[in-house]
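Asks: Take a look at this one; I'll ask things after.
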Amino acid sequence: MPLVRRTWTAEEADKWTREDGFAIALSPICYFGLTLGVALCLLLRWEGFAISAVSIALIVWMHWIIDPKMKAISEEYEKNQQGYLRDLEDSVRWKQREQDAP
Amino acid sequence: MNVLFTWLDWLWVAAFLLLMIGSGVLFYRLGRRSQSDFFLAGRGLPWWLPASSVYATHTATDTPMWITGIIYRHGLAGIWYTFFSAWAAISAFVSTRIFRRSLAYTQAEWNVVRFTGLGAEMLRGWMAGWQVFMNMFVLGWVGIAMGKVCAFLFGWPLWVGLVSFSSVCAVYVLAAGYWGVVMADFQQGVIAFLVIMIVSIWGIMTAGGPTGIVEKLTILGETDRLNPFAFTGWWTGEFPAAWFVTMMVIAILGGFGMGTSIDWYPEAQRIQSARTVRDASYSIWWGTLVGLVRNSVWAVAILGFFVLFPGMTETAEYEMGWFRLGFDYLPVGMVGFFFAAILAIHLSTISSHLNLGALYATRDLYQHYWNPEASERTLVWVGRWSTLILLLGSFVYGLMMENITEWLIFALWIMTAGIWLPNILQVIWWRFNAWGYLSAWIANLGFSWLVVWILPEFGVIPELLDYQQFWLLMLLGVGVFIPVTLLTKPEPMDHLVKYYVQARPLGWWGPVRREAERRGLIQPDAPPRRALSQS
């Protein structure tokens, strides 16, 4: 079993998995690293270039991990979207509430 | 200072304004088709359009003033004050995904998707009213910042800068709604980003370049300003490490929730305007990243301003630092380009908040509570009237802003401190209900007054530092909303199952998930070793 899974069925992609955990952990590190790294780069500090390079590599890795899953989620969800939108419009017009009443 | 504009400078400004108004004309037909078009561009945008809107909206006229103020005061460590927008790091992959699947037009509407019954309706009404007010306030706040910039540059009375440019902006928002906003934001985002880079790098070079800035700070005995972690101690002083840690917690863990930052509300509109869940996630993630990089560039430019003008003590004087780098040092003919970029920064924020405030007024107040059967044409017109009322209201707010700023900053604090945890719990915990959430809002209103103002005033408790206020308000809130939640009924299981199947939230949703599985609405969970806190 590979560490990171890159092929998904729609039903599998809808669940929260290890790949989501990777994205959740890596994403703030990328933000933190680039905020710090760019500032230090502009002061010509070597740490800035190193931190920025690592952060960019992490961004690429994070997208490599999460993108197949996001695609699978989106494709499946879009099929059901029209039905959900109809429910939402009923709700804003109070229709759903009336239908649900005993 | 009065800046001398040549004909070339005015040409830049005129060309830019024509381009923006042209957006309104060009997208007029799309904007008027339906409520969904007027407020969400038909939910069909590729990720980079809402991303540019996220970036442009959160680059306001007062943003460089605020960032200049904190960097001038704290040095590079001040950059962590700007890190609040990092809530998008986790949100892009958690709450953005969940919110996009709910399809709610607004955060107020989301309350009736997640909760149900009287409590949910009370939450929707309260949040819609609050957001109409908040957007009018932000419009006034940003508008008067433009008034100050124009007074600084041209010696105009404050109201001229406030009224004139917001009115120009209203033309394309009234005509094309969110279509106009997002198309103009894309252009404005590109222009603003380029000019911020040019002016900041120009400023850095004027101050002697990176090496020159470091040398001059050394001579001034201010090398601490180069240290991004130069705090005033662990617990005390103007910027203790405890406040840094608190800000990190608020920002990063806040991404699991919705509404943990006031920026969530405009972002929610951008999330729903994206064509897929994936586009929504990437728009929030990348738009925020560009903003964070921009802050870093600004921070170093302000260090350059500091070595050029050290020793300023008046906030009103040094907070104009970045604008001075542009207007004092850019060559003739480029000053107008810089001013056009400031207009871009200004209009992108004004247009977003005009349309967003009108969305809450139209969708959540007018349609839901006043005229549920309104036609699409009527809703678009109500959207336009709401936009106009917000614009006029913002002029009033803007002109009285000096008197009410302190109160309103307090109001913003209320939004963050005691509601932070409930904003997360509503997403990740099935048992949290509308009454718990409502009680958190009400309790926080009272506790905030007590902790921030009343008790210190009467000497009952000392005046607390920001991080102390945050944690105390959070704990006091827990003492109210947890018992209220547990003593009142959970949301009906039918409603929770419907929500779960549609939104697939992360967190403690075990009983709801099992019921959805029992009804055959979803497949049983994946093997436990791959599952992530699903129960």
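Taken in order, these protein sequences are the chains called A and B.
Numbering-wise, the first sequence is residues 1 to 102 according to my numbering.
Numbering-wise, the second sequence is residues 103 to 637 according to my numbering.
For each residue, glycine too, the CB sits at the ideal point set by N, CA and C.
The structure presented is a predicted model; accordingly, all values stated were derived computationally and were not measured.
1. Is Trp16(A) close to chain B, meaning its C-beta is less than 8 angstroms from at least one C-beta of that chain?
2. Nearest-angstrom Cα distance between Phe341(B) and Leu577(B)?
3. So within the segment 216–301 of chain B, which uninterrupted alpha helix (DSSP H) runs reach at least 4 residues, ignoring any that extend past its ends?
4. Quick check: the Cα distance between Leu43(A) and Gly406(B), rounded to an integer number of angstroms?
5. Does the beta carbon of Thr7(A) sit closer than 8 angstroms to a beta carbon anywhere in chain B?
6. Between the C-alpha atoms of Gln545(B) and Leu527(B), what's the straight-line distance to the nearest angstrom?
7. Are there 16 or more other CB atoms within 10 angstroms of the CB of Arg620(B), so buried, or fewer, so exposed?
8. Check the Cβ-Cβ distances between Phe185(B) and every residue of chain A, and say whether any is below 8 angstroms.
9. Secondary structure at Ala403(B), three-state DSSP: helix, strand or coil?
10. Which first and last residues belong to the alpha helix (DSSP H) in which Gly311(B) is found?
11. Looking only at its own chain, which residues have a Cβ that is under 7 angstroms from the Cβ of Arg5(A), when we skip the five neighbours before and after it?
12. Does Trp555(B) come out as helix, strand or coil in the three-state DSSP assignment?
13. What whole-angstrom Cβ distance do Thr500(B) and Gly249(B) have, given they're in contact under 8 angstroms?
14. Measuring alpha carbon to alpha carbon, tell me which residue in Val347(B), Met299(B), Thr320(B), Leu445(B) is nearest Ala401(B).
15. Taking the beta carbon of Leu328(B) as the centre, do at least 16 other beta carbons fall within 10 Å, making it buried, or is it exposed?
16. At a CB-CB cut-off below 8 angstroms, which residues of chain A make contact with Gln625(B)?
17. Using the rule of at least 16 other Cβ atoms within 10 Å of the residue's Cβ for burial, across every protein chain shown, is Met349(B) buried or exposed?
18. In the segment 59–71 of chain A, which residues sit with their C-beta less than 7 angstroms from some C-beta in chain B, listed in chain order?
19. Would you call the segment 70–82 of chain A and the segment 10–27 of chain A in contact, with 3 or more CB pairs under 8 angstroms?
20. Taking Asp568(B) as the reference, which of Trp114(B), Pro585(B), Trp345(B), Glu416(B) has the closest Cα?
21. In whole angstroms, what is the alpha-carbon distance linking Ile172(B) and Trp537(B)?
22. Between which two residues does the alpha helix (DSSP H) containing Asp568(B) stretch?
23. Taking a contact to mean a Cβ-Cβ separation below 8 angstroms, would you say Cys252(B) touches Gly242(B) in this structure?
24. Quickly, what does DSSP pair Leu106(B) with across the bridge? List them, please.
25. Between the Cα of Met285(B) and those of Trp228(B), Asp139(B), Val214(B), spot the shortest distance and give me the residue it belongs to.
26. Residues of chain A with CB closer than 8 angstroms to the CB of Phe441(B), please, in chain order.
27. At 8 angstroms on the CB atoms, spell out the chain B contacts of Ile73(A), in chain order.
28. Shortest alpha-carbon distance to Ser187(B) belongs to which of Leu432(B), Thr362(B), Gln233(B)?
29. How long is the line joining the alpha carbons of Pro592(B) and Asn457(B), rounded to whole angstroms?
30. Roughly how many whole angstroms lie between the Cα atoms of Leu608(B) and Ser27(A)?
Replies: Taking the definition as stated:
1. yes
2. 22 angstroms
3. 219–256
4. Rounded to the nearest angstrom, the two C-alpha atoms are 10 angstroms apart.
5. no
6. Gln is not the amino acid found at residue 545(B); the sequence shown has Ala there. Roughly 16 angstroms separates the two Cα atoms.
7. exposed
8. With 8 angstroms as the cut-off, Phe185(B) counts as an interface residue toward chain A.
9. In the three-state reduction of the DSSP assignment, Ala403(B) falls in the helix class, which pools H, G and I.
10. 311–322
11. Glu19
12. helix
13. Reading off the sequence shown, one finds Gly at residue 500(B), where the question assumed Thr. Sure, about 7 angstroms apart at Cβ, within 8 angstroms.
14. Met299(B)
15. buried
16. Contacts between Gln625(B) and chain A, judged by CB atoms closer than 8 angstroms, involve Glu11 in chain order.
17. buried
18. Ile66, Met70, Lys71
19. yes
20. Trp345(B)
21. 39 angstroms
22. 568–589
23. no
24. Answer is none; Leu106(B) lacks a bridge partner.
25. Asp139(B)
26. When 8 angstroms is used as the limit between beta carbons, Phe441(B) is near no residue of chain A, the shortest such separation being about 25 angstroms.
27. Arg199, Val379, Arg380
28. Thr362(B)
29. 35 angstroms
30. 17 angstroms
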